[in-house]
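>
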Amino acid sequence: FFIKENLRAQSTLKNTCHLHPYHYAHQLAMKMSECIAVIDGTRPQIDQLTKTIWSVQRHLIPSLRPEESKSPCDDYDPIDRLIAKTLLEITARHPHMTQTALSGALREQLRMLKQLPQKIVEEKRTAILSTLVADAFSARLHPNLEREAALPFLRQQLEWTSRAYPHLDSEKKVRRLVGLYDLAHLLPKDLTEDQLDQILASLYGTEKRSDIPQELISFLSANKVLLEKQGRSEKTQSSKLKQLYFSAIKLPNLGEDEVKIATWHTLSQMEGLLEKLPYNAGKLLYAELYHQLIDHPAASFDYLVDKLHTYLDQLVFLEQQEDWQTIERKIHNWTMQGEMLLRWVRIDHDTYLYKLLSAKKDKIANTPLRDLIAEIAWECTRTYPNLASCLPDLEARLWMMLKHLWYTQLAPFSESTFDRFLKWHARRLKESYPDNSTDELLEKLEAACTGSLPLVPFDSREARTLLEE
Numbered sequence: 001f002f003i004k005e006n007l008r009a010q011s012t013l014k015n016t017c018h019l020h021p022y023h024y025a026h027q028l029a030m031k032m033s034e035c036i037a038v039i040d041g042t043r044p045q046i047d048q049l050t051k052t053i054w055s056v057q058r059h060l061i062p063s064l065r066p067e068e069s070k071s072p073c074d075d076y077d078p079i080d081r082l083i084a085k086t087l088l089e090i091t092a093r094h095p096h097m098t099q100t101a102l103s104g105a106l107r108e109q110l111r112m113l114k115q116l117p118q119k120i121v122e123e124k125r126t127a128i129l130s131t132l133v134a135d136a137f138s139a140r141l142h143p144n145l146e147r148e149a150a151l152p153f154l155r156q157q158l159e160w161t162s163r164a165y166p167h168l169d170s171e172k173k174v175r176r177l178v179g180l181y182d183l184a185h186l187l188p189k190d191l192t193e194d195q196l197d198q199i200l201a202s203l204y205g206t207e208k209r210s211d212i213p214q215e216l217i218s219f220l221s222a223n224k225v226l227l228e229k230q231g232r233s234e235k236t237q238s239s240k241l242k243q244l245y246f247s248a249i250k251l252p253n254l255g256e257d258e259v260k261i262a263t264w265h266t267l268s269q270m271e272g273l274l275e276k277l278p279y280n281a282g283k284l285l286y287a288e289l290y291h292q293l294i295d296h297p298a299a300s301f302d303y304l305v306d307k308l309h310t311y312l313d314q315l316v317f318l319e320q321q322e323d324w325q326t327i328e329r330k331i332h333n334w335t336m337q338g339e340m341l342l343r344w345v346r347i348d349h350d351t352y353l354y355k356l357l358s359a360k361k362d363k364i365a366n367t368p369l370r371d372l373i374a375e376i377a378w379e380c381t382r383t384y385p386n387l388a389s390c391l392p393d394l395e396a397r398l399w400m401m402l403k404h405l406w407y408t409q410l411a412p413f414s415e416s417t418f419d420r421f422l423k424w425h426a427r428r429l430k431e432s433y434p435d436n437s438t439d440e441l442l443e444k445l446e447a448a449c450t451g452s453l454p455l456v457p458f459d460s461r462e463a464r465t466l467l468e469e
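Quick note, the sequence shown lines up with residues 1 to 469 if you use our numbering.
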């Protein structure tokens, strides 16, 4: 209450004080600490109190550039960045959350993220992440007929490799098979059975023929080694190599990513790579995978796997944080700002979604927000059909990007972040409840403000003016 009432006059501070506005937060924190010390007998930490006040105060100052908003409070570490990222993802899906509910959801999410690296065996990390990418996208990246034609060959090769080298790790199996699949497309396609028999006889004999294409020799020799490791007779080897050749020349022309996805998907079915991955761990990894795919829908298989590796590496800071009270304080300061922190965070402008939204920003003023989101989501799924299965994540991401534009590029310099917050929610309420009276809308707007921003003073007269525009 004390903070809220002292911030009511915030809009005049810039004109009445030549010092950085952060100094007001520090002075207010010192006064509050003295009062609390007299009443409770314990003086709170001034730095933490200042951070809390400043986290709200900066959103109330009009004509404040991001570079002017920097203060000693803005010493952010990787955990702060993770909290801000997670908070924005939660509010994108649940925009009407109160600060208390948001704190609870964020706390629960961070606890799961803290445990996530422990749930994945380091030696199997790449295999698990690759399988997640493959399982998520295999059905959408392959035409059914082509996939069905390739799967028997892939499965047979994986079985032969596993029998020949029981301890070979999954990555090497896949790498070998991707190379072999490429080699299969270079094989001569017009060999008869008699010609192939002669080539195989040369392969097993002492006299080598010089007229055999090198690609064919490499392909047959690589598989000959696998069969020898299994203890097969030369007759059996020749028979199986002949069958393999005639199946290989009929393989569909899949790209490298498609082969990797089909191979990892098949290997997962054979070896149960995801069976020991806990449900919550898989859910968190899939969520991050969808975020990356939405931002970069044309990304390669390896790019998505690398991004998941980076994501897990970033969680090490959280895993090593033993002082949970420090995290609780960070959660408190970030959730007190809610979605308003979109004014200050940096978002990659090179992503597909951001470019698409920026190109349509002129439509934001006159198009109902939900209609605009639906229109852009439809355009995204039409251009990249693989986004259709993660439509809820796509729409949530669009809402977050749209709000970021609202708080940054579309915001007049003279308006504070809180001004933009009020205008956004006033517009949202008028679009959602067109039959409500101004008083009814005002009640809803006040509830939204006091629920999500409990330290921000609410001016009913200013809010009514916005609703009547």
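Beta carbons are placed, not taken as given, at the ideal position from N, Cα and C, and that holds for glycine.
Because the structure is a prediction, the values reported are computed rather than measured.
1. Skipping 5 residues on each side, what residues in its chain have a beta carbon closer than 6 Å to that of K276?
2. Sorted by chain position, which residues of the same chain lie with C-beta nearer than 6 Å to Y384's C-beta, five sequence neighbours on each side aside?
3. I'd like to check one pair, L129 with H309: are the Cβ atoms closer than 8 Å?
4. Taking W495 as part of the alpha helix (DSSP H), name the residues at either end of that continuous run.
5. Start and end of the alpha helix (DSSP H) containing D235?
6. Pick from P434, E379, W264 and Q214: whose alpha carbon is nearest that of V178?
7. Which residues mark the beginning and the end of the alpha helix (DSSP H) in which L227 is found?
8. What do you get for S238, buried or exposed, if any count of 16 or more other CB atoms within 10 angstroms of its CB means buried?
9. Going by the CB atoms, is the gap between L203 and K229 shorter than 8 Å?
10. Please report how far the alpha carbon of S162 lies from the alpha carbon of S247, in whole angstroms.
11. Can you confirm whether the stretch 84 to 91 touches the stretch 440 to 449 when touching is taken to mean that 3 or more C-beta pairs between the two stretches lie within less than 8 Å?
12. Within 10 angstroms of its Cβ, does L241 collect 16 or more other Cβ (buried), or is it exposed?
13. Output the distance between the C-alpha atoms of H425 and D419, rounded to the nearest integer angstrom.
14. Taking P385 as part of the alpha helix (DSSP H), name the residues at either end of that continuous run.
15. In the structure shown, what three-state DSSP assignment does A298 receive?
16. Once DSSP output is grouped into helix, strand and coil, what is the label at L453?
17. Mind checking V121: buried by the 16 CB within 10 Å criterion, or exposed?
18. Could I get the ranges of all uninterrupted alpha helix (DSSP H) runs contained in the stretch 77 to 151, with 4 residues as the minimum, in chain order?
19. Does the Cβ of T335 have 16 or more other Cβ atoms within 10 Å, making it buried, or fewer, making it exposed?
20. Using only the alpha-carbon positions, how far apart do R111 and L441 sit?
21. Tell me, to the nearest whole angstrom, how far the beta carbon of A396 is from that of R93; I am working on the premise that it is less than 8 Å.
22. Near R461, which residues of its chain fall below 7 Å by C-beta distance, leaving aside the five closest residues on each side in sequence?
23. Measure the beta-carbon distance from P330 to D47 and round it to whole angstroms, keeping in mind my assumption that it falls under 8 Å.
24. For Y165, which of helix, strand or coil comes out of DSSP?
25. Output the residue ranges of the alpha helix (DSSP H) runs that lie fully inside the stretch 313 to 374 and measure 4 residues or longer, sorted by chain position.
26. Could you have a look at L183 and say whether DSSP puts it in helix, strand or coil?
27. With A262 as the anchor, note down where its alpha helix (DSSP H) starts and where it stops.
28. Any idea what DSSP makes of G282, helix, strand or coil?
29. Measure the CB-CB distance between D295 and L353 and report whether it falls below 8 Å.
30. Is it buried or exposed for R58, if we count other Cβ within 10 angstroms and need 16 for buried?
31. Would you check if the distance between the CB atom of L251 and the CB atom of A150 is smaller than 8 Å?
32. Apart from the five residues on each side of it in sequence, which residues of its chain come closer than 7 Å, Cβ to Cβ, to E171?
33. Could you check where the alpha helix (DSSP H) with K403 kicks off and where it finishes?
34. Are L405 and L357 touching if we call contact CB-CB under 8 Å?
35. Under the rule that 16 or more other beta-carbon atoms within 10 Å means buried, what is L402, buried or exposed?
By the coordinates alone:
1. none
2. P297
3. yes
4. Residue 495 lies beyond the stretch modelled for the chain, which goes from 1 to 469, so this question has no answer here.
5. Rather than Asp, the amino acid found at residue 235 in this sequence is Lys. Here the alpha helix (DSSP H) through K235 covers E234 to A248.
6. W264
7. Q214 to K229
8. buried
9. no
10. 20 Å
11. no
12. buried
13. 10 Å
14. Note, P385: premise wrong, no alpha helix (DSSP H); not H, not E.
15. coil
16. coil
17. exposed
18. 78 to 93, 99 to 115 and 125 to 141
19. buried
20. 37 Å
21. 5 Å
22. none
23. In the sequence under discussion, the amino acid at residue 330 is Lys, which differs from the Pro named in the question. Not a contact, Cβ separation roughly 13 Å.
24. coil
25. 316 to 320, 324 to 335 and 352 to 359
26. helix
27. E256 to E271
28. helix
29. yes
30. buried
31. yes
32. T126 and A127
33. L391 to Y407
34. yes
35. buried
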